[in-house]
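Here's the structure, in structure tokens; my notes come after.
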Amino acid sequence: MTIAEQQHAVPINTVHVTEKAASKALEFAQKAGRDSCGLKIAVQGGGCSGLQYVLELVDGPEDSDKVISEHGIEVYIPKRAFVFLAGTVLDFSDGLNGRGFEFHNPNAKRTCGCGDSFAV
Numbered sequence: 003m004t005i006a007e008q009q010h011a012v013p014i015n016t017v018h019v020t021e022k023a024a025s026k027a028l029e030f031a032q033k034a035g036r037d038s039c040g041l042k043i044a045v046q047g048g049g050c051s052g053l054q055y056v057l058e059l060v061d062g063p064e065d066s067d068k069v070i071s072e073h074g075i076e077v078y079i080p081k082r083a084f085v086f087l088a089g090t091v092l093d094f095s096d097g098l099n100g101r102g103f104e105f106h107n108p109n110a111k112r113t114c115g116c117g118d119s120f121a122v
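Numbering (the numbering used here), first residue to last: 3 to 122.
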């Protein structure tokens, strides 16, 4: 299934993590010696478009985090960030144009050239 098809299939009240992104996050956690952690996806102010994505390995969710379990990893999304991330597909690319996590966010009205920041 293509990213566009996955994004179209993602309910607006959740975030989807592709199998490749989950596998890569679990690999990073293992290399960091953190076998029992989750992936926090957050948003903070910054970048040339106004908002930036934040990915972080954390021990567990905060009380207000939305928790999503997918492909063997738990994903934690802060309540205040969820409004910006609802419907997003997190993927991992290791192609010729670069390697790293990619956010396919239907809420982003504008992104910067490097893809690290967005505006809604």
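Glycine included, every Cβ here is placed at the ideal spot set by N, Cα and C.
Backbone secondary structure at residue i - three-state DSSP
i	result
R2	There is no way to answer for residue 2, as the model of the chain reaches only from 3 to 122.
V122	coil
K81	helix
C-alpha distance - residue i paired with residue j, whole-angstrom precision
i	j	result
K68	V45	14 angstroms
V122	G48	13 angstroms
R36	F103	19 angstroms
L98	G62	34 angstroms
V17	A24	12 angstroms
S71	L41	10 angstroms
G52	I43	17 angstroms
F94	Q54	17 angstroms
K111	V85	14 angstroms
E29	C39	12 angstroms
Host alpha helix (DSSP H) of residue i (start-end)
i	result
E21	E21 to K33
V17	Element bounds for V17: n/a, residue is neither H nor E.
DSSP beta-bridge partners of residue i
i	result
A44	V56
D128	Nothing can be reported for residue 128: it is not among the residues displayed for the chain, which extend from 3 to 122.
Residue i, buried or exposed, once every other Cβ within 10 Å from all chains shown has been counted against 16
i	result
F81	The identity of residue 81 in the sequence shown is Lys, whereas the question assumes Phe. That one is exposed.
N107	buried
G74	exposed
D65	exposed
V56	exposed
A34	exposed
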